[in-house]
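Undergrad: I have a structure I would like to understand better, so I am pasting it below and will then ask my questions one at a time.
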Amino acid sequence: MRSIQNFKNIFMEPKIILCLMILVYSVFSCNYALAWTVAPVRFEIKGQKGKEYTLTFSVLNESQLYEKRFEIQTDDWIINKNNDFLRKAFTPEIENKYSATSWIKVTPMQFVVPPGETKNIRFTISVPNNVSIDGDYSAGIFVGEKNIEKPPKGEKVVHIKQDTFIGVIVYVKLGEEKHSLTLKNLEVKSKSVSNGLNKVTILPTYESRGNVHSRGQIQVKLEPLSKTAAESEDNPELNAGEVVILRESAVTYPIDLPDPLPVNSEWKITVKTDFGSYTPVLVGTKTYKVPLIEQKPETKKQETEKKEIKKS
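Residues 1 to 312 in our numbering are what the sequence shown spells out, letter by letter.
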């Protein structure tokens, strides 16, 4: 549920770090192509109690033919233990104990961007005087495109649907920052994909007992420990992406190896995660023998579906 693009920072202010992360939600079609962008898409602010901060992001309409209508929502969000990004608007049961959503005011909340033009959107963060706990407070500003459907003949109502959101993520850091990270667990799972080969997923679990979020770059290295493994064409070593761990939380980050591994091959798996200068590099190792997984015989329904696919 995540897409990353590079943008030019259009706003900078002392003590404000602008980083890039784009969160796109397509409710109706995963083939929907965005013709608009938002930049920057993350703000990290070193704030003070009782202070107000004014910031700006921009919305660019990349279409050269059509104007686009937008509406803004402010909302709580979390990253759960399964590494899913969840909004409260769509998952009401979630709770952000350190929410800054009520601190944020956006102007305007609805707007139109002509073809090929950019609209600058201003928002303010008003930090209350009575915040008693130091650390990260977070919120999301979600920009939604309003797709207008022409009403059927005889109807006067214009139907509006929102099918895409881009999130501007805001962190406000108050007081003393504490970083405390551990690699809590390292699991490996296999799934048979064909005779003699398994799809392998590595599952490191990270835990933060600090009061700020952390971002870590993950590297995975596989070393052969058996003849079968040594004969494999590839000994994968890869950059596995970036994990984000919120304050006082745990996350399991799934890493799918790009190529299946031979059954009965044995490997030494090393996972290194670099969180920058705040904490030492976390390293976990595990010896893993790729298991033989008996494939269940296909049901009549599965056989019929395969035949239909071949016919088409």
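Where a beta carbon is used, it is the ideal one built from N, C-alpha and C, also for glycine. Predicted, not measured: the structure shown is a model, and the values here were computed from it.
1. Alpha carbon to alpha carbon, what distance is there between Ala-250 and Tyr-206?
2. Looking only at its own chain, which residues have a Cβ that is under 6 Å from the Cβ of Thr-37, when we skip the five neighbours before and after it?
3. Taking C-alpha atoms, which residue in Ile-169, Ala-240, Glu-294 lies nearest to Gly-196?
4. Confirm, please, whether the CB-CB distance from Gly-216 to Leu-261 is below 9 Å.
5. Comparing C-alpha positions only, which one of Val-112, Lys-49, Ser-102, Glu-44 sits nearest to Phe-70?
6. What did DSSP end up calling Ala-39 once you bin it into helix, strand or coil?
7. Give me the residue from Ala-100, Pro-108, Trp-77, Trp-103 with the minimum Cα distance to Glu-93.
8. Identify, in the order they occur along the chain, each residue of the same chain with its Cβ nearer than 8 Å to the Cβ of Glu-67, setting aside the five sequence neighbours on each side.
9. Which residues in the same chain as Arg-87 place their Cβ atom closer than 6 Å to its Cβ, once the five residues preceding and following it in sequence are excluded?
10. Under three-state DSSP, which class holds Leu-292?
11. Whose C-beta lies closer than 6 Å to the C-beta of His-179 among residues of the same chain, with five residues either side of it excluded?
12. Here's a check: name, in chain order, each residue in its chain whose Cβ is nearer than 7 Å to the Cβ of Arg-122, leaving out the five neighbours to either side.
13. Would you tell me roughly how many angstroms separate the C-alpha atoms of Thr-252 and Ile-169, rounded to the nearest one?
14. Short of 6 Å in beta carbon distance, which residues of its chain neighbour Leu-292, apart from the five on each side in sequence? Order them along the chain.
15. Out of Arg-42, His-213, Asn-120, Tyr-137, which has the shortest C-alpha to C-alpha gap to Val-316?
TA: This is what the structure holds:
1. 5 Å
2. Leu-60
3. The option with the nearest alpha carbon to Gly-196 is Glu-294.
4. Not closer than 9 Å, so no.
5. Val-112
6. strand
7. For Glu-93, the closest alpha carbon among the candidates Ala-100, Pro-108, Trp-77, Trp-103 is that of Trp-77.
8. Asn-61, Val-112, Val-113, Pro-114, Pro-115
9. The answer, listed in chain order, is Asp-75, Trp-77.
10. coil
11. Gly-210, Tyr-278, Thr-279
12. Thr-54, Thr-56, Thr-107
13. 21 Å
14. Val-263
15. Since the displayed the chain opens at 1 and closes at 312, residue 316 lies outside it and no answer follows.
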